[in-house]
Amino acid sequence: MHERGIQIRIWLIALSLFLSFCGLGAKLCYLHLSNHSRVTGREYKRVLLGLRGGIYDCNGKQYPMAVSLPARRFYLDPKSVKKEHSVRQIAQTVAQQLDLPEEEVLAQFKRTDSRYIKLGVSLEDRVFAALSDEKTISGVASEEIVIRRYPQGRRMSHVLGFVNNMGVGGAGIEQQYNSYLTGTPGLIEGEKDAGRREIFSRRKIHVPPIAGSDIFLTLDHRIQYEVERAIQEAVEKFDALSAWAIVQHVSTGKILAMASFPDFEPEKYTETTLDIWRNNALAIVYEPGSIMKAVTVSALLNEKLATPATEFEVGEGVWFYAGKPLRDHVYGRITVSTALKKSSNIACAKMGLQLGPQKLDGYLRAFNFGSKLGIELPGEENGILARAKHWDKLKPTRIPIGQGIAVTGLQMINAYSTLANEGRMMRPYVIDRIVSPGGEIVMQSKPEVIGRPVRPEVARAVREMLMGVTEEGGTGKRASVGGFSIAGKTGTAQKAVPGGYSSTDYYASFVGFVPASNPVFSVLVSVERPRPQHTGGFVSAPVFARIAAATARYLALEPDLPTDDDDELELAQP
30 MHERGIQIRI
40 WLIALSLFLS
50 FCGLGAKLCY
60 LHLSNHSRVT
70 GREYKRVLLG
80 LRGGIYDCNG
90 KQYPMAVSLP
100 ARRFYLDPKS
110 VKKEHSVRQI
120 AQTVAQQLDL
130 PEEEVLAQFK
140 RTDSRYIKLG
150 VSLEDRVFAA
160 LSDEKTISGV
170 ASEEIVIRRY
180 PQGRRMSHVL
190 GFVNNMGVGG
200 AGIEQQYNSY
210 LTGTPGLIEG
220 EKDAGRREIF
230 SRRKIHVPPI
240 AGSDIFLTLD
250 HRIQYEVERA
260 IQEAVEKFDA
270 LSAWAIVQHV
280 STGKILAMAS
290 FPDFEPEKYT
300 ETTLDIWRNN
310 ALAIVYEPGS
320 IMKAVTVSAL
330 LNEKLATPAT
340 EFEVGEGVWF
350 YAGKPLRDHV
360 YGRITVSTAL
370 KKSSNIACAK
380 MGLQLGPQKL
390 DGYLRAFNFG
400 SKLGIELPGE
410 ENGILARAKH
420 WDKLKPTRIP
430 IGQGIAVTGL
440 QMINAYSTLA
450 NEGRMMRPYV
460 IDRIVSPGGE
470 IVMQSKPEVI
480 GRPVRPEVAR
490 AVREMLMGVT
500 EEGGTGKRAS
510 VGGFSIAGKT
520 GTAQKAVPGG
530 YSSTDYYASF
540 VGFVPASNPV
550 FSVLVSVERP
560 RPQHTGGFVS
570 APVFARIAAA
580 TARYLALEPD
590 LPTDDDDELE
600 LAQP
């Protein structure tokens, strides 16, 4: 009995060992078959970056203004350098491939403040290959990134904006249309072998990335170049603080150029300050001065309170109203037409009184002063226009001459384009279309009438009067362009300061359209604090003439006046 018990016990032990070995075998099979990557490879995930959409001017993809490119950012991890590798050799290779000073790279190996030290960025595959050679290189890692490039440099910087370090638009079109431009990332999940190479046969998931949509602007890079060059030279010539200019197509409202100076390089936006990023054509709110007088005259004529031949008494050039003097030249009696040509303060102030606060306020708002026009750019301001019920007694005589009201450059040029366009106010816009990666048009802009503040015959009458401004005896003779009739207005406004107005600082402006006989485009130029000359006729009118002449010839407009070869002005080469 005892011997049989021993046999049973031996049999149970053998069975237990057998079952244990079976279990171990099953476990090994499981590990081999279902978790193979832990033995022969390793699981990995890779995010595929979707390229940001491009931004192009009105000529299409042959003139890219902003594009995104795949690249790699390289890092140094000094603690990961293998013993068999020479630090000096690694530094030499890194310096050569990333175009860095060798001693500067060597110094990074001694840093203790950060384990991962940024070295640089490269677009080239050969650089990645050289810095990934495990036979001679260690301690250098990289990550896939998308970088934003602006092939035209500073051109259109205030319209384009920039992309920040997080890949998000930080100003301009880049900010306003970030959701359209941003690409959708893709994903790969699979396995790598011991050499860190993907095993394509074991790829589990592959979701391709989707690029962002492309944006095509209404702006023309050639006209933009001429505008930017002209206002920069004006700022430098007159030691001004800043300047801005806009070119607008009259019948559609589309913007052909919009510039502000000082400007910036979008790829180096961190080297400038917030005030430089600001698009002054939209964001600076300033008293317009005499360029507002054309709006006053159009309101008076539209109300049938006067004709171009109606006379106003200017007298000896000083007029007191509400206890305050308003100064002017000695004109005696002057017609509405001459008042606009000579820029008479007293005559236009009396026109404002004749209109009255309510009607004057109504026309100003009909021309969209005091509210945004809704252009597709961030930073647009409303301007400043108090309701008529809040005006003091003096306001109806000061607003008609461009004081006591603040506007943006965009509001002002749109008002003049309205007069040039038979009284039809168009919505200004800078985006022509947005196109998906597949070629589908996501958004297409169309000209849109947003108001009719004055009758067509009134707009034509004011247009004729504005032609006198650039003729002999007018304040804007320096705005004349050989071969083309010009209608426009000068403006010189004291800068508002706490408690009143500066006695030394001014805004000098000129705004008008070309050709006056059949307007195609309008131009506004404003210069902030020019010195020593400070009038719109002296400072801004010549800048207008330069931009207008170059734009007219670039658009191949037929001259409507006799010209000679000496008047020719070709578009500058960008």
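Counting with our numbering, you get residues 30 to 603 for the letters of the sequence shown. We treat Cβ as the ideally placed atom computed from N, Cα and C, and that holds for glycine.
Just verifying my parser: in three-state terms, what is the DSSP assignment at Leu-60? Unreliable placement is indicated for Leu-60, whose pLDDT of 37 sits below 50; the coordinate value is still reported in the next sentence. Residue state, collapsed to three classes: helix.
Where does Val-554 sit, in a helix, a strand or coil, going by DSSP? strand
Which same chain residues, not among the five before or five after Thr-281, have their C-beta less than 7 Å away from its C-beta? Met-455 and Pro-476
Can you give me the C-alpha to C-alpha distance between Ala-488 and Asp-357, rounded to a whole angstrom? 26 Å
Which of the three DSSP states, helix, strand or coil, is assigned to Gly-346? coil
DSSP three-state assignment for Pro-337, whether helix, strand or coil: coil
Tell me which residue opens and which closes the beta strand (DSSP E) that Glu-172 is part of. 169–178
Same chain, Cβ closer than 8 Å to Lys-371, five either side skipped, listed in chain order: His-358, Tyr-360, Ile-363, Gly-502, Gly-503 and Thr-504
Given that a residue counts as buried once 16 or more other Cβ atoms are within 10 Å of its Cβ, and exposed if not, what is Gly-83? buried
Taking only the alpha-carbon atoms, compute the straight-line gap between Ile-515 and Val-236 and give it to the nearest angstrom. 59 Å
So which of Lys-401, Thr-564, Tyr-392 and Ile-463 has the shortest CA-CA distance to Pro-482? Tyr-392
So is Met-195 buried or exposed if we call it buried at 16+ other beta carbons inside 10 Å? exposed
Option nearest Arg-492 by Cα separation, candidates Leu-553, Tyr-445, Gly-344 and Lys-524: Tyr-445
Inter-stretch contact at 8 Å, needing at least 3 Cβ pairs: the region 456–470 / the region 240–248: yes
Between Lys-524, Glu-218 and Leu-329, which has its C-alpha nearest Pro-559's C-alpha? Lys-524
Determine, using beta carbons only, whether Leu-311 and Gly-412 come nearer to each other than 8 Å. no
Exposure label - Pro-180; buried when at least 16 CB within 10 Å: exposed
Around the Cβ of His-419, are there at least 16 other Cβ atoms within 10 angstroms (buried) or fewer (exposed)? exposed
Under a Cβ-count criterion, where at least 16 other Cβ atoms within 10 Å of its own Cβ denotes burial, should Ile-275 be classed as buried or exposed? buried
For Asp-154, report the span of its alpha helix (DSSP H) as first-last. 154–160
If you compare alpha carbons, which of Val-192, Met-441 and Ala-136 is closest to Lys-297? Val-192
How many whole angstroms separate the CB atoms of Ala-328 and Lys-388, which I take to be in contact at a CB cut-off of 8 Å? 7 Å
If we call anything under 8 Å between Cβ atoms a contact, is Leu-248 one with Val-175? no
So, with DSSP's three-state summary, where would you put Val-459? coil
Go ahead and label Pro-548 buried or exposed: buried means 16 or more other beta carbons lie within 10 angstroms of its beta carbon, across all protein chains shown. buried
Bounding residues of the beta strand (DSSP E) (the contiguous stretch that carries Ile-428): Per DSSP, Ile-428 belongs to no beta strand (DSSP E) and is neither H nor E.
Touch check for the region 572–580 and the region 301–309: three-plus C-beta pairs under 8 Å? no
Since Ala-272 contacts Val-556 with CB under 8 Å, what's their CB separation in whole angstroms? 4 Å
Under a Cβ-count criterion, where at least 16 other Cβ atoms within 10 Å of its own Cβ denotes burial, should Gly-467 be classed as buried or exposed? exposed
Do the region 75–95 and the region 124–139 meet, that is, are 3 or more Cβ pairs less than 8 Å apart? no
How is Thr-519 classed by DSSP in three states: helix, strand or coil? strand
Among Lys-322, Pro-291 and Gln-383, which has the Cα closest to the Cα of Glu-332? Gln-383
Of the residues Phe-293, Lys-90 and Ile-234, the one placed nearest Arg-183, counting alpha carbons only: Phe-293
With which residues is Pro-93 paired in a DSSP beta bridge? Tyr-85
Inter-residue Cα distance where the pair is Ser-186 and Leu-406: 12 Å
Beta-carbon contacts of Arg-140 that lie in its chain and below 8 Å, excluding the five residues immediately before and after: Pro-107 and Ile-146
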